[in-house]
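In this note's numbering, the protein residues as written are 9 to 714.
Just so it is clear, CB atoms sit at the ideal spot from N, CA and C, and this is done for glycine as well.
I have placed the structure first, in the form of structure tokens, so that the comments after it can refer back to it.
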Amino acid sequence: MTNRWYTLLLTLTVVLAMLPRLWLWADQGRAGVVPPGDEDEYYRGAIHLLLEGSYYDDGQWLRPPVTSLFLAGVFALAGEVNLPLAMLVQCVVSAATVVLLAETARRLFLSRRAGGVAALLAALFLPYASHASQLLSETLHVFLVAAALLLFEVARHHRMSRRYLLAGGAAWGLAALTRPVGVYAVPLLLVWAWWAGRGQGQRQLAASASRPLALLLGFVLVVAPWTIRNAAVYHHLVLVDTNGGVSFWLGNLREPVERDWQAVWNRTIPNSAERQQVATARALDNIRHEPLTFLARMRYKTVSLWQLDTRQFVANAPIGVTIDERSLAFAVASDIQYVAVMVLALGGVVLARPSEHNLALLGWPLYGTLLSAVSLGHPRLRLPLLVVMFVYAALVLAHPRRAWERLRGASWRRLVALIVGMVFLAFLFYAQAYLPFARSQLFLALAHLGGGEAAITQAIAASPHHYLPYVALGEWQRQRGKLPEALQAYNQAASHAPQNTYVHLQRLDLFRRLGNPEGAQEAMAAIAAVGWDTNQVYTWAWERLPDPNVTSIQLEAPDITDPAPGLMRGVYAVEYDGEQAFRWTMGRAQMRLGLLAPEPPGQPGQPVPSSRLRLRLRADHPDTPVEVFYQYRDLATTGYEPLATLRVGPSWEDVTIPLGGRGIFRDNPFGSTGVVDLRTPTHVASTAEPYPRGVALAGVWLEYDE
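If you want it as structure tokens, here you go:
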């Protein structure tokens, strides 16, 4: 393959990589939502940088700065706080990572074909595509780790060049300032640089020592300014963050109730560096008292790190409504890719020649596994470790004949290593709980092929404690118009998966259609309890739930009987201004209103003679512009008309806009649905209220004259 064709192949692969990333961005990145937890802390760091020029130090721990700097940079260039745009830029970063992996494989195996295969594997890898549109640090961290490992491989091919080691150390420093997992790997990298330098004939002490010193200098030049800043703020040595010690403690609790101490420390120890010291000391004390428990947990956390994503469904653990949270098919597809890459990578490592064994690459996943085993193990933490797997998997796929010849001529030691490795992977992946779950899913597949309710009943019997068969039963009953029976099935699903937002959304819609507003509000409260009362859910419900039939959305009543899913999107959760309940809008907010009245005036099939739209609004600033649009549907027409541009101030105002008879019909099979569309400029009020908001909306009514 010529260099020209290789460049073209990489370009096409990057374009291909954007396709699954854009698909998942449309599902989970365009809603403008900042989930609680890690994402909120990274986001607040960006807002502090924009508004105050300082970093966010008010959380329960200090986060590394690169992700917040990235977000702040995108917001500054865009001229507004635009989360969908930031996630889109992150998708581009994720797609660019495939080029780094391709170059690493090309240089390691001296094969452009291997480089192209490594790029293709990473381009289509669904977990990378999914995390690209999430407000987490993984995508940037994977990119920077891939860049550092590529520079280390380039250094190896240039007789351990100090220049490339310096650059690799700097890239590793940036990766550590994104996620600090690589900080403790620096001593190992220094040993590698020294040993590899000796292998290049640099056996004099000064010459061999200069290589690790160059790597260390690059790392220190990047990380030291942040460490010095932390010492000035916390009056303690904090290399990167104050989360590591807490994670170490959380992974080594003596009893689950001990987790509650974190809230106590947050209240009583204002300095997060000192909280980290207390947590670290407590973890070490737990290990000293129960060393055997510590060793047993290392096995559990190793399995947790490398386990299949499908395990979440087996454990009734999915919570959200995004594709990667909701879809079992997506999890299975991701796991098929993941297992294939791991198996191929193991084969590539065993069959690679000694010259193709870069110990910096090979040591990275081993180090990461050990660190997770002594701290916390979670499948998300393996994403940067998989960088190496794509590189070595490419050897087997790109050159199958070469791999087969090496396998046939392999020594017994290599064959034993391959067999032991396969057994170890099976140990990591297998769990007995998969058997009844798989049997249940087989019956559900038969139900889709015509087995009907009997097959669903068999699925429930095969796995009675899993929520998915009850979801299938609820959908089957709903399609046949048996709404009470469908609600009963979804209630059973909720009893097994009480945190599942998708299940509660179906319950909410069924309660609403059965005329039970209290039940609908209870389902909404269950969604809010797990942190998914957000525009992510409102957008999902707007596009997938049937149109509700309401003539008003009124938030000022003490009991809000019309929860937002299906009725609104582009809004935040309910807040209160004294007795007044309201929602802040985003840049574009939409409200869906149904049939005007059971028996509106006028002849059947004719518009209402006189109708109007009433809004109750206020804004943070005087003279805030609000553009009001109205989209209507009738038997023959779909219209989208600008109605008015309002000017709203800080006091609550009731604004009435005449509609005439547009879009209001009695016998409309579409349900006479109209959509009110508010478009406003957004602003961030303060670092304490950091989310971009437009105007406060207390209610919207569709009214008519008798």
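Those residues which DSSP pairs with residue i across a bridge
{"i": "Val663", "result": "Leu623"}
{"i": "Tyr584", "result": "Ala589"}
{"i": "Met599", "result": "Met576, Val684"}
{"i": "Glu711", "result": "Arg620"}
{"i": "Val106", "result": "Answer is none; Val106 lacks a bridge partner."}
{"i": "Arg655", "result": "Pro633"}
{"i": "Val703", "result": "Ala627"}
{"i": "Gln562", "result": "Gly707"}
{"i": "His386", "result": "Note: His386 sits in no beta bridge, so no partner."}
{"i": "His691", "result": "Arg701"}
Residue environment, residue i, which counts as buried when at least 16 other CB atoms sit within 10 Å
{"i": "Ile427", "result": "exposed"}
{"i": "Ala644", "result": "Confidence at Ala644 is low in this model, with a pLDDT of 47, below 50, so its placement is unreliable and the value that follows should be read with caution. So Ala644 counts as exposed."}
{"i": "Phe432", "result": "exposed"}
{"i": "Thr250", "result": "buried"}
{"i": "Arg296", "result": "exposed"}
{"i": "Leu481", "result": "buried"}
{"i": "Arg305", "result": "buried"}
{"i": "Pro698", "result": "buried"}
{"i": "Val199", "result": "exposed"}
{"i": "Phe435", "result": "exposed"}
{"i": "Glu526", "result": "exposed"}
{"i": "His365", "result": "exposed"}
{"i": "Gly478", "result": "It should be noted that the sequence gives Tyr, not Gly, for residue 478. It counts as buried."}
{"i": "Asn508", "result": "buried"}
{"i": "Ser694", "result": "exposed"}
{"i": "Thr664", "result": "exposed"}
{"i": "Leu143", "result": "buried"}
{"i": "Gly87", "result": "exposed"}
{"i": "Gln440", "result": "exposed"}
{"i": "His149", "result": "buried"}
{"i": "Ile55", "result": "buried"}
{"i": "Gln487", "result": "exposed"}
{"i": "Arg171", "result": "exposed"}
{"i": "Arg267", "result": "exposed"}
Inter-residue spacing [alpha-carbon to alpha-carbon] between residue i and residue j
{"i": "Ser138", "j": "Leu152", "result": "18 Å"}
{"i": "Tyr50", "j": "Leu17", "result": "35 Å"}
{"i": "Arg687", "j": "Thr542", "result": "19 Å"}
{"i": "Gln588", "j": "Val692", "result": "22 Å"}
{"i": "Ala497", "j": "Gln485", "result": "8 Å"}
{"i": "Ala406", "j": "Ala110", "result": "12 Å"}
{"i": "Met594", "j": "Tyr580", "result": "8 Å"}
{"i": "Pro299", "j": "Arg283", "result": "24 Å"}
{"i": "Leu667", "j": "Arg622", "result": "10 Å"}
{"i": "Val703", "j": "Gly578", "result": "11 Å"}
{"i": "Leu261", "j": "Asp66", "result": "25 Å"}
{"i": "Leu91", "j": "Glu333", "result": "20 Å"}
{"i": "Val329", "j": "Ala80", "result": "27 Å"}
{"i": "Ala130", "j": "Ile561", "result": "46 Å"}
{"i": "Phe227", "j": "Trp314", "result": "29 Å"}
{"i": "Pro72", "j": "Gln639", "result": "45 Å"}
{"i": "Met430", "j": "Ala696", "result": "51 Å"}
{"i": "Tyr63", "j": "Ala381", "result": "31 Å"}
{"i": "His165", "j": "Thr21", "result": "26 Å"}
{"i": "Thr690", "j": "Gly539", "result": "23 Å"}
Cut-off 7 Å between Cβ atoms - residues of its own chain near residue i, not counting five sequence neighbours on either side
{"i": "Leu491", "result": "Leu518, Arg521, Leu522"}
{"i": "Val340", "result": "Thr318"}
{"i": "Val191", "result": "Ala184, Leu247, Val248"}
{"i": "Gly176", "result": "Ala156, Leu159, Phe160, Ala163, Leu223, Gly226"}
{"i": "Cys99", "result": "Met26, Arg29, Leu30, Trp33, Ala140, Ser141"}
8 Å CB neighbourhood of residue i in its chain, flanking five on each side removed
{"i": "Pro658", "result": "Arg626, Ala627, Asp628, His629, Pro630"}
{"i": "Trp739", "result": "Past the boundaries of the shown model lies residue 739; the chain is included only from 9 to 714, so the question cannot be answered."}
{"i": "Glu661", "result": "Arg624, Leu625, Arg626"}
{"i": "Thr235", "result": "Leu245, Val246, Leu247, Val248"}
Residues near residue i by beta carbon distance below 6 Å, same chain, minus five either side
{"i": "Ser216", "result": "Trp202, Gly205, Arg206, Gln210"}
{"i": "Ser145", "result": "Thr75, Thr186, Arg187"}
{"i": "Arg114", "result": "Arg120, Gly123"}
{"i": "Val107", "result": "Leu18"}
{"i": "Val404", "result": "Leu352, Gly355, Gly356, Ala411"}
{"i": "Gln544", "result": "Ala39, Val41"}
- prompt: Counting only runs that start and end within the region 400-481, where is the alpha helix (DSSP H) found for 4 or more residues in a row?
  reply: Inside the region 400-481, DSSP marks whole alpha helix (DSSP H) runs of 4 or more residues at positions 408-416, 420-437, 442-454, 460-470, from first to last along the chain.
Unbroken stretches of the alpha helix (DSSP H), 4 residues or longer, contained in the region 504-539: For the region 504-539, whole alpha helix (DSSP H) runs of length 4 or above, ordered along the chain, are 509-521, 525-537.
Alpha helix (DSSP H) runs wholly inside the region 34-103, at least 4 long, in chain order: When DSSP assignments are scanned along the region 34-103, the uninterrupted stretches of alpha helix (DSSP H) that are 4 or more residues long and fall wholly within it turn out to be 46-60, 74-86.
task: Let me know the alpha helix (DSSP H) ranges lying completely inside the region 167-209, each 4 residues or longer, listed in chain order.
output: The region 167-209 contains these whole alpha helix (DSSP H) runs: 170-184, 194-207.
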